[in-house]
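Q: In my numbering, the protein residues as written are 18 to 399.
From the three backbone atoms N, C-alpha and C, an ideal C-beta is built for every residue, glycine too.
All figures in this text were calculated on a predicted structure; none of them were measured in a lab.
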Amino acid sequence: MEILFVRTAVILISLAASLLAGCATGNSAADHPPTLKDAFKNDFPIGVAINQNQFTGLDTNGVALITSQFNAISPENVLKWEKVHPHPGTNGYDFAPGDVYVAFGEQHHMLIVGHTLVWHSQTPSWVFQDESGRRLSGTNAADRELLLHRMRDHIQTVVGHYKGRIKIWDVVNEALNDSRSENDTNLLRQTSPWVRILGMDFIVKAFEYAHEADPDAILRYNDYSIENPAKRQRLIKLITCLQSQHVPVMAIGSQTHANLIWPEPDLEDDFLTEISRLGLPIHITELDVNGSQAGQRSQDADIMQNAQANAGGQPFATVQEKLAHQYGDLFKTFLKHRDAIKLVTFWGVTDTDSWRSNGQPLLFDGNWRPKPAFDEVIKTAE
Ligand code: XIL
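Put into structure tokens, the structure is as follows:
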């Protein structure tokens with residue numbers, strides 16, 4: 018009896034000691050370096066676009082970063098029309114890679130985004146041709162019918178395939194005219210075959226078809242450079258027009274392919290203020306900050322860029338410092354608008370993965386190490 022008591026006491030004491038030790042370890046910042054998803058857990062999920070090497074598990078270092086830092090994923094390429102539906106006909110779909118992407122997200126309990134259903138880019142040319150290879154025409158009613166029918170089949174097959182698993186879809190990507198001139202009265206991108214053949218109808222119908230296929234999915238309109246005044250006004254016109262017709266557009270995706278000097282904090286702040294008045298959640302969908310010289314997309318002369326980069330008497334020694342500064346500014350503005358912003362997604366994990374790797378535009382370098390920009394972003398959350 019006595020032995021049993023002593024044994025129990027010893028077990029209880031060592032249990033308490035290990036619990037205390039556990040607490041001590043848990044409180045040590047060094048043992049738990051900050052992560053993006055934790056830092057912003059009270060604000061918005063933090064997503065990342067992932068590639069095939071990552072969702073198949075080949076890039077083990079990438080996977081470690083994705084699962085520790087992020088809680089949402091977007092498919093960088095694998096669900097674009099050319100990948101998921103390369104050929105016409107019912108056998109023209111290839112869901113194998115997309116299925117692995119979605120399973121990866123489920124395995125890691127992440128918010129899973131689908132990108133993108135209808136876009137002028139990365140879409141096979143057969144989509145805009147008849148069976149003899151003739152270009153479909155916007156003035157031919159049968160051609161318009163054919164294209165609408167194809168679009169419906171594509172959207173309903175793809176959205177239906179992932180129904181209930183992909184929670185957010187980019188339904189229409191980059192449909193707005195991106196001219197910077199406020200005198201340019203074309204609302205839509207005139208060079209897009211969708212616009213040439215179907216005009217505004219393709220946008221209306223794309224959202225309707227997607228909503229029919231999965232009534233619970235959040236349906237996004239996604240575009241770039243919508244911070245700029247002329248394109249921003251076109252976005253407002255488009256969304257207001259869709260809303261007046263009860264088209265199920267449910268969120269606005271702002272790609273936010275930034276550079277070191279664009280968008281300036283005031284531009285981003287004004288943009289978010291104005292766009293949030295539309296009453297839809299805003300998602301930052303493809304965030305990166307291009308650090309290369311050629312990537313400073315400003316139309317102004319160098320002298321102007323230098324003036325802006327040094328504004329406030331703060332010269333920056335290196336590109337990485339400028340990058341950190343721009344990321345810090347962006348996240349401060351996102352946090353200011355946290356009521357409207359419901360997701361912030363980076364377009365890639367490391368600089369090496371990035372579609373514009375020359376510009377070293379992300380928070381992690383090619384060796385999967387956090388850069389000064391990572392620390393700066395974490396700092397804004399604290
Ligand atoms: C890019 C991918 O990152 C590249 O790998 C691919 O070669 C081209 O497309 N806007 C979008 C994204 O909506 O789909 C694009 O992604 C970047 C611009």
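Might you give, ordered along the chain, the residues of its own chain that have their beta carbon closer than 8 Å to the beta carbon of Lys396, omitting 5 neighbours on each side?
A: Gly345
Q: Can you tell me which residues form a DSSP beta bridge with Leu164?
A: According to DSSP, Leu164 bridges with nothing at all.
Q: Could you check whether the Cβ of Glu162 sits closer than 8 Å to any heavy atom belonging to the ligand XIL?
A: no
Q: Please tell me whether Leu277 and Gly308 are closer than 9 Å, where the distance is taken between their beta carbons.
A: yes
Q: Quick check on DSSP: helix, strand or coil for Gly383?
A: coil
Q: Out of curiosity, what's the CA-to-CA distance linking Ser196 and Pro50?
A: 44 Å
Q: Going by DSSP in three states, Glu303 sits in which element: helix, strand or coil?
A: strand
Q: Enumerate in chain order the residues of its own chain whose CB-to-CB distance from Arg373 is below 6 Å, with the five nearest sequence positions on each side excluded.
A: Asn307
Q: Leaving out the 5 sequence neighbours to the left and right, which residues in its chain are closer than 6 Å to Ile183 when beta-carbon positions are compared?
A: Ile129, Gly131
Q: With a threshold of 8 Å, establish whether the CB of Thr133 neighbours any heavy atom of the ligand XIL.
A: yes
Q: Whole angstroms is fine: what's the gap from Pro282's alpha carbon to Asp368's?
A: 24 Å
Q: Counting only the same chain and skipping the five closest in sequence on each side, list residues whose C-beta sits under 6 Å from that of Met127.
A: Asn88, Ala89, Ile90
Q: Helix, strand or coil: how does DSSP classify Asn276 here?
A: strand
Q: In terms of residues, what are the limits of the alpha helix (DSSP H) holding Ala398?
A: 389-398
Q: Who are the Cβ neighbours of Leu295 in its own chain at under 6 Å, not counting the five residues just before and after it?
A: Ile256
Q: Which term fits Ser261, buried or exposed, when burial requires 16 or more other beta carbons within 10 angstroms of its beta carbon?
A: exposed
Q: Since Lys359 is in the beta strand (DSSP E), which residue starts that stretch and which ends it?
A: 358-363
Q: Pull up the DSSP beta-bridge partners for Arg373, would you.
A: For Arg373, which the question treats as bridged, DSSP gives no partner whatsoever.
Q: For the region 207-216 against the region 261-272, are there 3 or more C-beta pairs whose distance is under 8 Å?
A: Counting Cβ pairs under 8 Å, fewer than three are found: no touch.
Q: Helix, strand or coil for Asp187 per DSSP?
A: If DSSP states are grouped into helix, strand and coil, Asp187 belongs with the strands.
Q: Can you tell me whether Asn157 is buried or exposed, with buried defined as 16 or more other CB within 10 angstroms of its CB?
A: exposed
Q: Please report the straight-line C-alpha distance between Val101 and His171, rounded to a whole angstrom.
A: 9 Å
Q: Could you check if His274 belongs to the surroundings of the ligand XIL, using beta carbon to heavy atom distance under 8 Å?
A: yes
Q: Below 7 Å CB to CB, which residues in the same chain sit around His228 once its five sequence neighbours on both sides are set aside?
A: Leu236, Pro265
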